[in-house]
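Worksheet: the structure to be examined is printed underneath.
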Amino acid sequence: MQTIITKNQAEMSAKAAELIIEQVKAKPDSVLALPTGKTPQLVYAKLVEAFQQGRVSFAGVKTFNLDEYVGMCRTCADSFYVYMKQHLYDHVDIRPENIFLLDGAASNLDDECANYERDIKEVGGVDLAILGIGRDGHIGFCEPGMSFDSRTIVVNLDESTRQANADDLVELKEVPAQAITMGLATIFKSRQIILLASGEHKAAIVAKALEGEVSEQVPASILQTHPQTTVILDEAAASQLKAS
Ligand code: F6R
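In the working numbering, the protein residues as written are 960 to 1203.
Laid out in structure tokens, this is it:
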């Protein structure tokens, strides 16, 4: 695991965007796993900027989002699909058929999970997964206690996660109780992983995940055992690391 500490969120985002661009240039048909939330917003803005400057094309790229709320229709204002359209997809040359997102409103969620696993396998697996981290240590929506062997699955969201995400809601009054998420084993199989965190509110969990015991109680700690993980932090998020 390599850890890069940057000055602030803007630098963290620029660094992450450069690594993604490098990956896409080296392999134009890269398969990316992507998060939503506050952390990656500037990263997506940097990717859009690079596309507009002609520095990168996403025409061959395939993307799989990490998660979606259960019950959320694709075009609902609070769906991660709408988030991705707003932040990335509507502004770059990615092909609609190369965009994969879990359908939270699917009538059979078990089939939806199985189909997602099949789709990921069919494209040859994820080359690069970009991850944020929740204050309880979740990655994707893999909450504490979830098995390291888990595949795409329906989960109950922790109360702290629901509260943390409440201010991102556009239309809904409260965060749904359940989500559908790539499992930890699915994420771990990615050939390369970038974990991002910025802000003091992430400092305690970052220290626990990176320097604490590898435990299913801290899902992100699984990354300590991944051979190709780069962690990019800003100074505030890194402030409780012993090694910083
Ligand atoms: C969302 C996801 C989550 C977030 C995490 C941090 O797709 O994968 O793991 O990355 O909840 O959220 P922010 O970035 O809003 O602090």
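Even for Gly, the Cβ is constructed at its ideal location relative to N, Cα and C. Nothing here was measured: the structure is a model prediction, and the numbers come from that model.
Legend entry - beta strand (DSSP E) segments (min. 3 residues) lying fully within the region 1024 to 1082: 1026 to 1028
Inset, instruction - Return the residue from the list ALA992, GLU1102, THR1111, PRO1178 that minimises the CA-CA distance to ASP1070. - result: THR1111
Inset, instruction - Could you tell me how far apart the beta carbons of VAL1085 and ARG1150 are, in whole angstroms, since I believe they sit closer than 8 angstroms? - result: 7 angstroms
Legend entry - Between the CA atoms of GLU1170 and THR965 - distance to the nearest angstrom: 18 angstroms
Inset, instruction - Can you give me the start and stop residues for the beta strand (DSSP E) that ILE1164 sits inside? - result: First-last for ILE1164: 1162 to 1170, but that is the alpha helix (DSSP H), not the beta strand (DSSP E).
Legend entry - Cβ-heavy atom distance, LYS1161 to the ligand F6R, below 8 angstroms: yes
Legend entry - According to DSSP, residues forming a beta bridge with LEU993: ASN1024
Inset, instruction - Count the other CB atoms, across all protein chains shown, that sit within 10 Å of the CB of CYS953; report buried if there are 16 or more and exposed otherwise. - result: For the chain, the structure presents residues 960 to 1203; residue 953 sits outside this window and is missing.
Inset, instruction - Would you check whether the ligand F6R has a heavy atom nearer than 8 angstroms to the C-beta of PHE1059? - result: no
Legend entry - When ALA1064, LYS1167, ALA1197 are compared against HIS1097, the one with the closest alpha-carbon: LYS1167
Legend entry - Short Cβ contact (9 angstroms threshold) for LEU1116 with ALA1144: no
Inset, instruction - Kindly indicate the opening and closing residues of the alpha helix (DSSP H) around ILE1146. - result: 1143 to 1147
Inset, instruction - Evaluate contact between the region 1054 to 1074 and the region 1154 to 1166, counting only Cβ atoms and requiring at least three cross-stretch pairs below 8 angstroms. - result: no
Inset, instruction - For GLY1093, count neighbouring C-beta atoms within 10 Å of its own C-beta (all shown protein chains included) and say buried if the count is 16 or more, exposed if not. - result: buried
Legend entry - From ILE963, GLN1000, ALA1088, residue whose alpha carbon lies closest to that of ILE1146: ALA1088
Inset, instruction - Can you check DSSP and say which residues form a bridge with ASN1115? - result: GLN1137
Inset, instruction - Give the C-beta separation of ALA1123 and GLU1133 to the nearest angstrom, bearing in mind that I take them to be a contact with Cβ-Cβ under 8 angstroms. - result: Their Cβ separation, rounded to whole angstroms, is 13 angstroms, which puts ALA1123 and GLU1133 out of contact at 8 angstroms.
Inset, instruction - With DSSP as the reference, label VAL1015 as helix, strand or coil. - result: coil
Legend entry - Cutoff 7 angstroms; reference ILE1058; Cβ partners in own chain excluding five residues on either side: THR1022, TYR1048
Legend entry - Simplified DSSP state of VAL1177, which is helix, strand or coil: coil
Legend entry - Rounded straight-line distance, which links the Cα of ILE1152 to that of GLN1187: 6 angstroms
Legend entry - 9 angstroms Cβ cutoff met for GLN1000 and HIS1046: yes
Legend entry - Pick from GLU1175, PRO1135, ALA1179 that is closest to GLY1030, judged by C-alpha positions: PRO1135
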